[in-house]
DNA sequence: TTGGGTCCTG
DNA sequence: CAGGACCCAA
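Residue numbers (this note's numbering): 6 to 158.
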């Protein structure tokens, strides 16, 4: 399967259904195993993503930031460098504007939760995941192109 | 029972 | 990232 491509898709969708994923990999003969693997990949992508978000949010709090709305993500921030290195290693594509928005919202959600001491509760991240799951955007049609990966080079 | 998901490991 | 334990909804 195409790990590189799946990672790039993450910039648009964090919680894609297996049905949607299949549409974007028309060249793959899906079965129980590889679909599960693809779904698992996104689960791993989210893990990395949320870990970074929580880390960054806690850092903002430790630096004395008071309001979540004061949290902004610059295109040249360290956070962006890390995310880009993980999902878009060779800068295959330009990071879509909406992803920046999603990152900002995620950071604010974590910030508010931590600031409000919610992070001591049982499954405090669940509510955050729920919010973020609604921020998926449609994946560009060109991802369906048979020679998508080749066009990146 | 399954298919997703998360969490924690290796 | 892959595996496996474990949870939840369909």
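We treat Cβ as the ideally placed atom computed from N, Cα and C, and that holds for glycine.
Identify the continuous alpha helix (DSSP H) that holds residue i and give its terminal residues.
i, result
"residue 6", "Residue 6 -> no alpha helix (DSSP H), and no H or E assigned at all."
"residue 153", "153 to 157"
"residue 148", "Where residue 148 is concerned, there is no enclosing alpha helix (DSSP H), given that its DSSP letter is neither H nor E."
"residue 15", "First-last for residue 15: undefined, no H or E at that position."
Give every residue of the same chain whose Cβ lies closer than 6 angstroms to the Cβ of residue i, excluding the five residues on either side of it in the sequence, and list them in chain order.
i, result
"residue 101", "16"
Going along the chain, which residues of its own chain have a beta-carbon closer than 8 angstroms to the beta-carbon of residue i, five neighbours each way excluded?
i, result
"residue 149", "28, 29, 31"
"residue 70", "76, 116"
Assuming residue i contacts residue j under a Cβ cut-off of 8 angstroms, what Cβ separation, rounded to an integer in Å, is found between them?
i, j, result
"residue 137", "residue 107", "7 angstroms"
"residue 42", "residue 14", "At roughly 15 angstroms, the Cβ-Cβ gap does not stay under 8 angstroms, so residue 42 and residue 14 are not in contact."
"residue 62", "residue 116", "5 angstroms"
"residue 66", "residue 110", "About 17 angstroms; that fails the 8 angstroms criterion."
Identify, in the order they occur along the chain, each residue of the same chain with its Cβ nearer than 7 angstroms to the Cβ of residue i, setting aside the five sequence neighbours on each side.
i, result
"residue 87", "57"
"residue 123", "129"
Taking 6 angstroms as the cut-off, is the CB of residue i close to at least one heavy atom of the ligand PLP?
i, result
"residue 76", "Inclusion of the ligand PLP in the displayed structure is not the case, the ligand content being empty and no account of it being possible."
Original post:
Can at least three beta-carbon pairs, one atom from the stretch 81 to 100 and one from the stretch 123 to 131, be found at a separation below 8 angstroms?
Top reply: Counting C-beta pairs closer than 8 angstroms gives fewer than three between the stretch 81 to 100 and the stretch 123 to 131, which falls short of the contact rule.
Original post:
Does the pairing of the stretch 18 to 26 with the stretch 134 to 154 give three or more beta-carbon distances under 8 angstroms?
Top reply: Yes: the two stretches touch, three or more of their Cβ pairs being nearer than 8 angstroms.
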